[in-house]
Each structure stands twice: as structure tokens, then as C-alpha cells.
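Residue numbers (the working numbering): 70 to 649. Accompanying notes for the structure given below.
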Ligand code: ARG
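Spelled out as C-alpha cells, the structure:
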């Protein structure tokens, strides 16, 4: 799709090319430094060198030769030393941007670059019969944001929750439940109970080998399809899915598939055999199947000597299944940093087997979460935070913020806003920076109404909505359609122009976020937009603008900003309150 800034760039390139002085391959445009009063620059170094000129000379000659067309988005061309600087025409830009936002509405910023292509995203992927830990929380939030971004870019996106629902540990879970009974309830509490029973069983089994045998026997029975084992296992799977669903709903997470590791069990013998046949793995004296790719990667197992399979084995089967089922151009694994080696091994093995040659396989790694005291969250340390508790805590704290910001809202609305802001603050904290960095649960910063936080951006959105509501209530006659077309020409205050330029950047931010697997590019855009908006509110009055026409023009700008912000926040999975 083509947006105003795309056309601007095309016009700049075409203008340079039309001079006939620079061969096409040497035309490179970049964003000028922030203190330069221009919107695109052509650094002429390379071209000048090839042409045997000095760069300022070339820039000067080009500036002389370029005369933008009357309807061009290019307002001026100036040589500044070796640079050729192009400035946007603010009036044509504002007409184009307002028109685009108004026409596309919730689709403003979207693209069709992904048309015909499929991306599989492996995210959330918690383990059955366990509470989601921080790794799963981050995976869920980052994965859903990537999902939204790729969809917006026009890709067919397949989200797969690769549930950890298979493995030896379920034998012990079942043995413990058979011994002590099923915990009651169906929420995270019940999951926590199962986890406790498991830990207790594991402790006792250390002293008593009979218990260990019993667990192993259940594990075998589960594999062989014993009805009791299967039923208890299914009960744990369902319980986990139900408990997690409540969190997913609060986080706006929609998962397409929950195949889970167990789904691939029937494919594993074939995978192991194929790896052996292709000589990327061998069977050692003990009977284990070892992968040795002969490169710098450590060897790993596809089958243990007791014939059991592993996480790796299931991931190979999963990858082959996805290639075959979805024909993706990319598969993204949103999984914590500690599994880096696992994925390097997985990708290398699958490629050595001759698959996925033109498929991009990407491990989107993320760092850990630290508590307020700078300690990593962990069950062992005892500072582990369950997702539901985290969201409840966020809600409570946000409630206090709402109380302070808008004491007059009805109680029910305060609650609704607290949920939007509280959950939003947790998600935003996960998304505003490079995922590889660690995050800290610093509530003061996360919930600050000033600074790079969800509440700040959400508050700026609510301010737009409140102005638009007031304007509607005052019911000042809207300008005639003819006048409406002239309104953009009135938006020439630097704060207005800055805001319009910021709105024009959303499509580019979405593309960059997709290309770099970086939701933070969209988060940055939201924050910068909120800042541009606050500059605009500071300098320009909307409802009390000097003339009705200016007021109408500014209202259009406010409405467009609200729409664009809503789109940006929506890509991150955040909601925005109407009042705050
Ligand atoms: N369940 C795994 C864990 O908790 C994460 C799975 C990630 N996805 C994958 N295809 N391995 O560590």
C-alpha cells in the first residue's frame, strides 16, 4: 500500500532521477538529523565520488536543477554542504494524511505487503498442570503483538500455542492425583495445587523407589493409551486451558491452535528414522539416537536409551508439520533467551535434513522479569508472581490512578478503566523496549501518567475523545463540504505540523516493526504521538480556536490522532478508554 510518506519519497527519488545527473543506483535517501529542517535527505558522497565531483558541488547542482511540481508533496529542495535536503509541504501533507486516516479508519497503517504469505507464530506455550511463569507471560504478550502486527501487514498469520502437554512428568502428576485425589476448582488455584502435589510426590519418590516406579508405570500407561491415565491427563489439559483462558481474555490474546506437544507423538518414530536415514543422527552403543551435525553445535538426543523421546524430538516433528500444513514463509518462536541453544540446534537439524531452505526460522528471544527489588522472579526464590495475581495487582494499582485522574467517573466505569489501564501497563512494560532486555516490575514507572507508559498514552487518547464529545455536544455547525476541503490548509502551526507528520509515520512504523520483529517500534510511535499531541494541546486550543474553520480543522486533526493512536495501541494489544 502507498501512503503519503511513500509518495513523498518516490517524488524525491523521481526528482533526483529527472535531473539526469545521478544514475538510479546511486540515489539513496535517508532521514535527516533531527535538528535539520528537512524531511528527507540525499547524502551525495557516494554519487559525487563516482561522478568525480565534490559532494557540495553535486548537491548544489542538483538543488539548482530540481523544481518540484505544483502538486508535489515536496515543498523545497536545499543544498546544505554535501546534503540535498527535501522538505514536505505541510498543507499537502495534512490534506493527504487526514484523508488517509479518515478513509481507512481502523485500517490506517495497515499494508498488503504480506498478501499471499503465511507466518506461523509459536507463542505463549505454557506447560500443562503448571502455572504460567514469567517466560510464558512475556511470550504471550510479545507473541500476540507480533501476531497483530503481521496481520495488519496483510499476512496470513497462524498462531500456535505449543502447549507443554507431554513428557515423563505427567506420569508423576497422574500418580500423585491417583494417590491424593483431584484438587477442586478450575482456576489457577487448582493448577497451583497440582503443582504442589507434584512437588510433594517428587520429594517422596526420592526416598521411596516404589513411588518412582509407580510414576514411571503411569507414564508408560499414558503413552499406551490406558483410559484412566488418558482421562486424568485430559482433565489436566482442560483445566490448564480453562485457567489460562481467563488470563488470555484479559490480555486480549486470541490463539488459533493449541496443538500441543502430545499432538506430534505419532510422528516421532518417523522423524527419528528419517534423521537416521539422512545420516544427521546415529544410534549409539546404549541405543540412544544422537544428533551430530559435525559443526560447532553441541550434540543432542532425539531418543533416549530407554526409547523415550524428548522436547527436541517433538519440536522437529512440529516444525515439519507446520511446513507441510501451512506452507509458511516464516516461523517465529517467541521463547525466552535460555532456550537459544535449543532453537539453534533445532533449526540446524531441520536444515541438515533438507527442509525449510527458503523459510525464515526465527527465535524471538526475550529477557527475564525482575521484581521491584531487582530480583529475577523465580519459584525457588519465592518471589514468583502468577499471571492472574499480577493482573489483579495491576488493576488495583491502576484503580488508584484512575481515582486520582478522574474522581468523578461512576464506580463501574472506574473499574473498567482500571482494568484497561492496569492490564495495559503490564503489557506496555513488556513491549516498549527491545524484547531481549530484561524488564522490571516498577509500578511507579509503569503507572505514571507522565513518561513512556501505557497510562500516559491512554490518557492522551481519552483527552482526544473528551474534546470530540464536547464538540459534538456543543453541536457547532459543521463547515460545508467545500470548506471542509480547505481545512487542512489551516493546520500550519508547528505543533500541528509536527503532529501530522507523526501520524504520517504510523505505516512506516508498522512495517519496520514487522521487518525487525520489534513491537517496540510501534510502542515508540505511540509514545511519540502522545508527546506530539501534548505539544499540540499546549500550543493550540481546539474548542476555543480563533475561527470556526480553524476549530473544525483542529477537530479533524484530533479525531485523526485518536484513530491512529487507537490503531497503534491495538497492535500492541492495548485498549484505550473513552474517559480517564
Ligand atoms: N513449553 C515450553 C516451555 O515452557 C515452551 C515451548 C516453546 N515452543 C517450542 N516450540 N518449543 O519452556
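Beta carbons: idealized from backbone N, C-alpha and C, even for Gly. Since we're looking at a predicted model, the values are computed, not measured.
Opposing strand residues paired with residue i [DSSP bridges]
{"i": "residue 145", "result": "156"}
{"i": "residue 109", "result": "155"}
{"i": "residue 225", "result": "187"}
{"i": "residue 233", "result": "196"}
{"i": "residue 378", "result": "372"}
{"i": "residue 99", "result": "110"}
{"i": "residue 439", "result": "445 and 509"}
{"i": "residue 359", "result": "351 and 370"}
{"i": "residue 433", "result": "403"}
{"i": "residue 326", "result": "229"}
Residue i (DSSP reduced to helix, strand or coil)
{"i": "residue 427", "result": "coil"}
{"i": "residue 352", "result": "strand"}
{"i": "residue 197", "result": "coil"}
{"i": "residue 448", "result": "coil"}
{"i": "residue 270", "result": "helix"}
{"i": "residue 401", "result": "strand"}
{"i": "residue 338", "result": "helix"}
{"i": "residue 241", "result": "helix"}
{"i": "residue 315", "result": "helix"}
{"i": "residue 639", "result": "helix"}
{"i": "residue 365", "result": "coil"}
{"i": "residue 134", "result": "helix"}
{"i": "residue 646", "result": "coil"}
{"i": "residue 62", "result": "The question about residue 62 has no answer here: the residues shown for the chain are numbered 70 through 649."}
{"i": "residue 288", "result": "helix"}
{"i": "residue 562", "result": "coil"}
{"i": "residue 571", "result": "helix"}
{"i": "residue 524", "result": "helix"}
{"i": "residue 182", "result": "coil"}
{"i": "residue 297", "result": "helix"}
Outcome for residue i when other beta-carbon atoms lying within 10 angstroms are tallied against a minimum of 16
{"i": "residue 374", "result": "exposed"}
{"i": "residue 71", "result": "exposed"}
{"i": "residue 94", "result": "exposed"}
{"i": "residue 171", "result": "exposed"}
{"i": "residue 584", "result": "exposed"}
{"i": "residue 234", "result": "buried"}
{"i": "residue 414", "result": "buried"}
{"i": "residue 616", "result": "exposed"}
{"i": "residue 109", "result": "buried"}
{"i": "residue 397", "result": "buried"}
{"i": "residue 391", "result": "buried"}
{"i": "residue 410", "result": "exposed"}
{"i": "residue 576", "result": "buried"}
{"i": "residue 207", "result": "buried"}
{"i": "residue 593", "result": "buried"}
{"i": "residue 116", "result": "buried"}
{"i": "residue 505", "result": "exposed"}
Length of the line joining the Cα atoms of residue i and residue j
{"i": "residue 495", "j": "residue 290", "result": "42 Å"}
{"i": "residue 438", "j": "residue 457", "result": "16 Å"}
{"i": "residue 344", "j": "residue 76", "result": "51 Å"}
{"i": "residue 132", "j": "residue 123", "result": "15 Å"}
{"i": "residue 193", "j": "residue 230", "result": "6 Å"}
{"i": "residue 119", "j": "residue 90", "result": "11 Å"}
{"i": "residue 367", "j": "residue 346", "result": "21 Å"}
{"i": "residue 478", "j": "residue 85", "result": "56 Å"}
{"i": "residue 560", "j": "residue 629", "result": "13 Å"}
{"i": "residue 541", "j": "residue 645", "result": "20 Å"}
{"i": "residue 100", "j": "residue 497", "result": "27 Å"}
{"i": "residue 620", "j": "residue 412", "result": "56 Å"}
{"i": "residue 591", "j": "residue 330", "result": "33 Å"}
{"i": "residue 534", "j": "residue 633", "result": "13 Å"}
{"i": "residue 327", "j": "residue 232", "result": "7 Å"}
{"i": "residue 466", "j": "residue 243", "result": "39 Å"}
{"i": "residue 642", "j": "residue 320", "result": "7 Å"}
{"i": "residue 336", "j": "residue 386", "result": "6 Å"}
7 Å Cβ cutoff, residue i in contact with chain B
{"i": "residue 422", "result": "Among the protein chains of the structure shown there is no chain B, as only one such chain exists."}
The ligand FAD heavy atom lying under 6 Å from the CB of residue i
{"i": "residue 326", "result": "Ligands present in the displayed structure are limited to the ligand ARG, and the ligand FAD is not among them."}
### Query
Is the region 601-610 touching the region 554-574 in the sense that three or more CB pairs, one from each, lie closer than 8 Å?
Cβ pair count under 8 Å is three or more, so yes.
### Query
Between the region 464-474 and the region 400-417, do three or more beta carbon pairs fall short of 8 Å?
no
### Message
Quick test of the definition: if touching needs 3 or more C-beta pairs under 8 Å, does the region 209-218 touch the region 172-183?
### Response
no
### Query
Touch check for the region 202-212 and the region 261-269: three-plus C-beta pairs under 8 Å?
Under the 8 Å Cβ criterion, the region 202-212 does not count as touching the region 261-269, having fewer than three qualifying pairs.
### the region 449-463 contacting the region 423-436, beta-carbon criterion three pairs below 8 Å
no
### Query
Counting Cβ pairs, one atom from each stretch, are 3 or more of them under 8 Å apart for the region 310-329 and the region 252-264?
With a cut-off of 8 Å, the region 252-264 and the region 310-329 count as touching, because enough Cβ pairs lie within range.
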